[in-house]
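Numbering (the working numbering), first residue to last: 60 to 119. Ideal Cβ positions, reconstructed from N, Cα and C, are used throughout, including at glycine. Presented below is the structure to which this report refers.
Structure follows, in structure tokens:
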């Protein structure tokens, strides 16, 4: 997902998350894996990219 607001409220990504993000299509500076982003206090505004690895594999 792409964090449009509240990126600074998230913990730093782990090295494994960064490695997985390197494989993502359409990666942006504020991209995070949604399963790894823990919301702590501040509201987030996120955008879900049109293409994701799961969509391609699951044929949605």
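Practice task
Give every residue of the same chain whose Cβ lies closer than 8 Å to the Cβ of residue 95, excluding the five residues on either side of it in the sequence, and list them in chain order.
Solution key: 72, 73, 76
Exercise for the section: Going by DSSP, name the residue or residues bridged to residue 64. Expected result: 104
Handout entry: Option nearest residue 61 by Cα separation, candidates 97, 79, 85
Key = 85
Practice task
Pull up the distance between the alpha-carbon of residue 120 and that of residue 83, whole angstroms please.
Solution key: Missing from the structure shown is residue 120; the chain here goes from 60 to 119 and no further.
Problem - C-alpha gap between residue 104 and residue 64, whole angstroms - result: 5 Å
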